[in-house]
Amino acid sequence: MVHIETQIYNFFPKPQMPDIIMLTERNLSHYSVGQYRYESEVNSSYKENNYITGKYYQNLAETDEKPVHVIFIHGWRMKNLTKIKKMFLKQFMEFGYNMYFFTLPYHFDRTPEISLYNGELMISANIERTLVAVKQAVQDLRSLIYWLKENYGGKVVLVGVSLGGYVANLTSIVEKEIDLLVSIMYANNLAHVIWNSTTGKYIKQELEKNRITFKQLNDHWRLITPSNFKPIIPLENILLINGKYDLYVTPEDSEHFWQAWGRPNRISYPSGHSGIVFNRSKIARDVIAFMKQKV
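Sequential numbering of the sequence shown, starting at 72, is according to our numbering.
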């Protein structure tokens with residue numbers, strides 16, 4: 072039997088260098104703003120989902136310092152990037168960071184016409200499609216990291232929010248080119264979330280209707296559960312931000328993840344999942360303070 076540590080590297084093989092197209096739209100202060108686009112190595116049944124499009128903000132100012140590239144990964148069912156931009160854009164521009172807003176599978180421009188909402192086809196009762204969608208998210212993200220390192224050098228920071236935090240955490244298990252990881256109100260075990268939180272209520276109902284048990288789901292998704300593995304990057308380069316009363320991803324699962332990973336840096340807010348909105352200024356300050364120590 073193949074060991075689970077070997078299985079995860081087989082499931083997430085090293086992707087090739089992508090051919091990324093950068094389309095400049097305008098200049099904003101000392102930044103070039105535009106769209107980037109590239110093809111996913113992981114094919115799905117929907118052509119819209121097989122290309123990644125995202126927004127970029129590149130600092131045009133000349134400096135002797137190595138560039139810092141921040142990749143933002145949004146949450147499940149987010150309709151747009153407004154919340155993420157309100158949280159980080161202005162503050163990060165003040166520090167001259169390059170920013171890339173990554174699009175998860177089946178969201179935004181990657182949403183097929185049959186979807187009722189953003190992300191419907193990424194996390195669902197279709198167990199195999201969910202597994203492949205998570206794999207696609209990780210591999211697409213790794214491709215962008217490689218391209219940034221190859222073309223611009225410098226350091227790459229992942230900042231994931233909610234489902235984006237989960238994807239960032241999972242990526243840090245297999246990708247050593249990540250210099251810093253910041254995970255905000257993150258999920259860990261998708262099977263646990265579906266079975267024990269309001270987030271997955273309807274998905275759980277559909278699974279039970281088809282006689283799928285928690286144990287079966289948990290086992291089938293074992294390779295996409297971050298707490299089953301250790302990060303490949305140093306613990307001191309990881310910052311976790313969670314809500315003590317987060318009923319969307321559950322405090323129990325967040326705590327289990329933190330312990331399983333060896334208790335990296337963590338800030339716990341006295342809030343629920345909505346703390347993403349209500350604490351956005353504090354989150355930005357905490358993230359910047361952490362980054363200033365490291366990059």
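Think of the CB as a built atom: it goes at the ideal place given N, C-alpha and C, for glycine as much as any other residue.
What's the call for residue i, buried or exposed, on a 16-neighbour Cβ count within 10 Å?
| i | result |
| --- | --- |
| PRO86 | buried |
| HIS101 | exposed |
| LYS365 | exposed |
| PHE349 | exposed |
| ASP317 | buried |
| LEU175 | buried |
| ASN81 | exposed |
| MET72 | Reliability of the predicted coordinates at MET72 is poor, the pLDDT of 40 falling under 50, and the value obtained from them is presented with this limitation in mind. Exposed, by the Cβ-count rule. |
| TYR171 | buried |
| SER214 | buried |
| LEU99 | exposed |
Comparing C-alpha positions only, which one of the options sits nearest to residue i?
| i | options | result |
| --- | --- | --- |
| ARG148 | ARG200, LYS275, ARG97, VAL232 | VAL232 |
| GLU323 | GLN364, GLY167, LEU261 | LEU261 |
| GLU31 | PHE166, ILE274, HIS344 | Lying before the first or after the last residue shown, residue 31 is absent from the chain, which here runs from 72 to 366. |
| PHE83 | LYS206, LYS161, ARG351 | LYS206 |
| GLY225 | ASP250, PHE361, ALA239, TYR107 | ASP250 |
| LYS154 | MET362, ASP357, SER352 | SER352 |
| ARG337 | HIS140, ASP211, MET256, THR182 | MET256 |
| PHE179 | GLU199, THR124, ASN130, THR201 | THR124 |
| ASP90 | GLY105, GLU221, ASN308 | GLU221 |
| ARG293 | ASN259, ILE274, ASN281, LYS161 | ASN259 |
| PRO138 | LEU219, PHE285, LEU192 | LEU219 |
| ASP357 | LEU187, ARG200, MET158, VAL209 | MET158 |
| GLU248 | LYS156, PRO305, GLU133 | PRO305 |
| LYS286 | ILE216, ILE198, VAL104 | ILE198 |
Inspect the beta-carbon positions of residue i and residue j and report whether they are closer than 9 Å.
| i | j | result |
| --- | --- | --- |
| LEU234 | ILE194 | yes |
| ASN169 | TYR128 | yes |
| PRO302 | SER243 | yes |
| TYR107 | MET88 | no |
| ILE312 | SER268 | no |
| PHE143 | ILE359 | no |
| GLU119 | GLU184 | yes |
| VAL264 | VAL141 | no |
| ILE295 | TRP332 | no |
| ALA208 | VAL238 | yes |
Which residue comes first and which comes last in the beta strand (DSSP E) that contains residue i?
| i | result |
| --- | --- |
| ARG108 | 102-110 |
| GLU96 | 92-99 |
| LYS226 | 226-232 |
| HIS140 | 139-144 |
What first and last residue would you give for the alpha helix (DSSP H) that runs through residue i?
| i | result |
| --- | --- |
| ARG356 | 351-365 |
| LEU219 | 198-223 |
If residue i sits next to residue j, beta carbons under 8 Å apart, how far is it from one beta carbon to the other, in whole angstroms?
| i | j | result |
| --- | --- | --- |
| ASN189 | LYS150 | 6 Å |
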